[in-house]
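In what follows, a single structure is set out as C-alpha cells and then discussed.
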DNA sequence: ACCTCTACCTAGAGCGCGCTAGTAGATCGC
DNA sequence: GCGATCTACTAGCGCGCTCTAGGTAGAGGT
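Protein chains in written order, with the numbering used here: chain A, 146 to 504; chain B, 146 to 504.
If you want it as C-alpha cells, here you go:
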C-alpha cells in the first residue's frame, strides 16, 4: 500500500470544521428570531412571513444547518421512518428498494435500509432497523423463522413482500406464484414442449408455491410423466449446477423453468458455454423479471412481478396500519405476467411449424 | 388484485400492541430501580451488581424493550453511526457494503446505508445520511460534483472509495488503476494479442485513469497504432453496445478490455450470442472482480480490487478522523491484482504455440 | 467511636427538536 | 374607542436517553 499526502486544507484554517454541527438555535440566533419560528419554517407550517422564511433558509444555508432527524424523531411521537430489510445481492430486491423510495417519500416517510448478506443475518438487520426507530417494517423475501416475524408483527406493523405468510397476523404482498408458473408452462406447451424440467428454489420465498404449480400445470397438460424437479436455490450457482446435471445426461430436456432469474442466468450461461443453442435446443424461463432479465444480453423469458406495484402496496399497507387501521392481517396478491423474450422458442424440430403458425 | 383475510389475531387481544414502545423508565419501574441504573446496565458499564443486571435484562425482555437509538444519539455527543452511500445496482458496491459492516461493528460503529439509483440521486442519499446523524461518510465511487464532496468534507469526515479525489482535502481509498490495467495489457500481449480495444467508463470512477493507463501500456508495447477506445460507462448495456459496434465491423479485435465487470458481462454475452468464441476468437477482461465475475458461469478474467481491504481502510480512515486526527487528507492506494480466468486466452492462430510454451 | 473506601445506586441537567399555549401588534367593524 | 380577529411571532415542556455529580450502606482501619 502506498500513501500520499495531498493539499492539507484541513483543520483550524476552516473555522466551522470540528465544532459541533449547527442547531436550530444557531439559525434562530443568526436570524434574530426564536427557535420555534425556525422550526415552523422548516416544517413548512403556516405562521411565518415570506420574508422571514427566506431569511431563515438563507441563514441555515450559510451555517450548513440540517435538521437533526434523531431529535425530530424524539420530539415527534412518530418517527416517519420505514425500515426495509433486503438481501444485498438480489437484483430483484434492488428493484424493489428502488421502487419503495419514491412511494415512501410521497407519503412523507423516510426509508432506512438494512441489508442481509451471507455474513450478516436477517435478525441482526432487523434489530438495527428497530433501534433506529422504524415505525414499520418491510421485509423483502425474508428467510427467517416465521415465528420471529410473527412476533415482530405483534410489536409493529410488518409487511412481508414476495412470499406468502398466512395465518400469522402479518400482512403480505406477493404475486400469485401459481398463476405465473402456469402461464410459463402454458406458453412452453403451446410452443410444443413436453419435456420441461423445473429447477427448484429450495426454501426461498415462493419456491414451494412455484414447485406445486409446476407439478399441477404439467398434470393439467397430461404431462405428469414428464414432471422433473431438480433441487436448487435462488442463486446463479444453483443454475450452473442444474445445467451440469442435465448436461451429464444422455438427453437434454427441451425446456427448463428456473426458480428465479438468478438461477436462470446460471443455467443459461452454463448451457451456452456447452454450445447448447438457446432457445433452439433448450428453452429457458426465469421468474422475477429483475432488471438483469431486461438487459438485451440476457433477454430472458420470465414472469414479471411488478416491483413498482409491489412496492406501492407494501408501503401503503404499512402506512395504513400506522394510521391505526385495526384490520385483520391482509394478504394482497398481484397478478404476475409472463414476459416472453428470447430464451424460449419452439423445441427442436418444431421451429418451422411454429414459424408458420405464429405469423 | 385479490385480497384475502387470514386469522385476525390483531388488535386488542394482544395487550402490548398499539401502545407505545416501552422506555427505559418502564424497565426501571418494573425492576424497582432508577432509570440511570438501567442505562448503565444496557451500556455495559460498571456500577451494577450481577444480580441487578440480570433482573434488568429479564424485565427488558418481558417488556420487549429495546434502546431507542434516536434518543441515544441525541444524548451522546457522538452517534457512533457511519453513513455509506452506494449504488444499489452495482455488484461491486454490494461486495463493499458487505465488507464494511463487520469492520464498522468491530470498531463499535453502526452502519447506515443509503442508496443511489437512477431515480434517486446521490445528493439526496447523502442528505438523508446526514440527517440521520452520521458522524462520518463513506462514499462508494461517487459521481457527484467534486465541489459538493469537498464541501461535505469540510463538515464531517468523508472518505471516497474507488476513485481518486486529489487536492480537495478529502481522504480517498482506491486501487492503483494504472497498475491493474497495465497487468491486463501485459497479460494479453504476452498471450500474443496486438489488437486490443478498450471500452471506456465515461465519467465513472477510475475511468480516466484506466483509459490513460491503457493508452500508455499499449504504447509501451509498441502498439500505439492499435490503440482504440470505445465510449461506454459502467453498465451492462454499454458492453452490449460496444459489442454491437465491433460486430458491425469487418474484423474483430482479438481482445477487449472492458471498463468494469458489468460492462464486460454485456460484452461477453453479446459476443457469445453472435457465436463468437470466447476466448478462442476474442478475449475479454473486466475490472473489479465483483462477485459476479467469480461465478463459474461468468468466469471472467478481471482485475481484483480487494473489497475487504478497501472496506477496512475506508472505515479505519473515517474512524481515525473521528478520533480527532488532524492530519492532511490522505490518499491510500491499494495494489490491484490480475485474476486470470476463462475469458482470456491466446489470439486465434496462436493457440497451439501458446499451449506448447505455457506448459 | 470516627473516618475512609469501595460497591452500588439515584437525581437531574441537558441533547435538538416539535408542539401547545400564549403574546404583541396591526387591522377591522361599528 | 373598544373588543374582535388576524398575522407573526415566543415561551417552555417533554420526547428517551446519557452522563456528571452526587448519595448511601456496609466493610475495614485506627
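For glycine and all other residues, C-beta sits at the position ideal for the given N, C-alpha and C.
These numbers were taken from a predicted model, which means no experiment stands behind them.
Is the beta carbon of residue i sitting closer than 9 angstroms to the one on residue j?
i	j	result
residue 388/B	residue 411/B	yes
residue 429/B	residue 437/B	no
residue 230/B	residue 259/B	yes
residue 407/A	residue 252/A	no
residue 286/A	residue 303/A	no
residue 322/A	residue 313/A	no
residue 361/B	residue 475/B	no
residue 254/A	residue 227/A	yes
residue 180/A	residue 193/A	no
residue 356/A	residue 329/A	no
residue 246/A	residue 168/B	no
residue 370/B	residue 344/B	no
residue 427/A	residue 393/A	no
residue 320/A	residue 478/A	yes
residue 415/A	residue 441/B	yes
residue 431/A	residue 459/A	no
Reducing DSSP to helix, strand and coil, say where residue i ends up.
i	result
residue 281/B	strand
residue 271/A	helix
residue 126/A	Only positions 146 to 504 of chain A appear in the structure, and residue 126/A is not among them; the question remains open.
residue 245/A	helix
residue 462/A	helix
residue 332/B	helix
residue 294/B	helix
residue 341/A	strand
residue 145/B	The first residue shown for chain B is 146 and the last is 504, placing residue 145/B beyond what the model contains.
residue 315/B	coil
residue 394/B	coil
residue 320/A	strand
residue 259/A	strand
residue 444/A	coil
residue 421/B	coil
residue 208/A	helix
residue 349/A	coil
residue 226/A	strand
residue 304/B	strand
residue 433/B	strand
residue 457/B	helix
residue 289/B	coil
Looking only at its own chain, which residues have a Cβ that is under 8 angstroms from the Cβ of residue i, when we skip the five neighbours before and after it?
i	result
residue 485/A	332 and 446
residue 467/B	223, 280, 281 and 302
residue 233/B	260, 261 and 262
For residue i, which residues in the same chain have their Cβ closer than 6 angstroms to its Cβ, ignoring the five residues on either side in sequence?
i	result
residue 187/B	212
residue 449/A	434, 482 and 484
residue 165/A	none
residue 398/B	340 and 342
residue 201/A	176, 183 and 186
Short of 7 angstroms in beta carbon distance, which residues of its chain neighbour residue i, apart from the five on each side in sequence? Order them along the chain.
i	result
residue 160/A	Its pLDDT being 36, under 50, residue 160/A is placed unreliably by the model, and the measurement read from it follows with that caveat. If we look at residue 160/A and ignore the five residues flanking it on each side, it has no Cβ neighbours.
residue 267/B	230, 261, 287, 288 and 289
residue 499/B	Because the pLDDT at residue 499/B is just 47, under 50, the model does not fix this residue reliably, and the value given afterwards should be weighed accordingly. These residues qualify, in order along the chain: 336, 337 and 491.
residue 327/A	358 and 362
residue 354/B	309, 322 and 323
residue 256/B	227, 229, 245, 246 and 249
residue 505/B	Any property of residue 505/B remains undetermined from this structure, which presents chain B solely from 146 to 504.
residue 456/B	241, 244, 245 and 248
residue 454/A	479
From this set, the options, which residue's C-alpha is nearest residue i's C-alpha?
i	options	result
residue 433/A	418/A, 457/A, 366/A and 346/A	346/A
residue 439/A	378/A, 173/A, 237/A and 233/A	237/A
residue 352/A	315/A, 391/A and 402/A	402/A
residue 137/A	209/A, 472/A and 334/A	This structure cannot settle anything about residue 137/A, because the visible part of chain A is limited to 146 through 504.
residue 235/B	349/B, 390/B and 441/B	349/B
residue 473/A	299/A, 417/A and 372/A	299/A
residue 380/A	203/A, 225/A and 413/A	413/A
Segment contact, 8 angstroms Cβ cut-off, at least three pairs: the stretch 471 to 491 of chain A with the stretch 443 to 451 of chain A | Contact between the stretch 471 to 491 of chain A and the stretch 443 to 451 of chain A is present, because at least three Cβ pairs lie under 8 angstroms.
Any 3 or more C-beta pairs closer than 8 angstroms across the stretch 205 to 223 of chain B and the stretch 238 to 248 of chain B | Because the criterion of three Cβ pairs below 8 angstroms is not met, the stretch 205 to 223 of chain B and the stretch 238 to 248 of chain B do not touch.
So, do the stretch 203 to 218 of chain B and the stretch 268 to 280 of chain A have three or more beta carbon pairs nearer to each other than 8 angstroms?
-> Touching, yes, given that three or more Cβ pairs across the two stretches are closer than 8 angstroms.
Taking 8 angstroms as the threshold, find out whether the stretch 265 to 272 of chain B comes into contact with the stretch 281 to 294 of chain B through three or more Cβ pairs.
-> The stretch 265 to 272 of chain B vs the stretch 281 to 294 of chain B: in contact.
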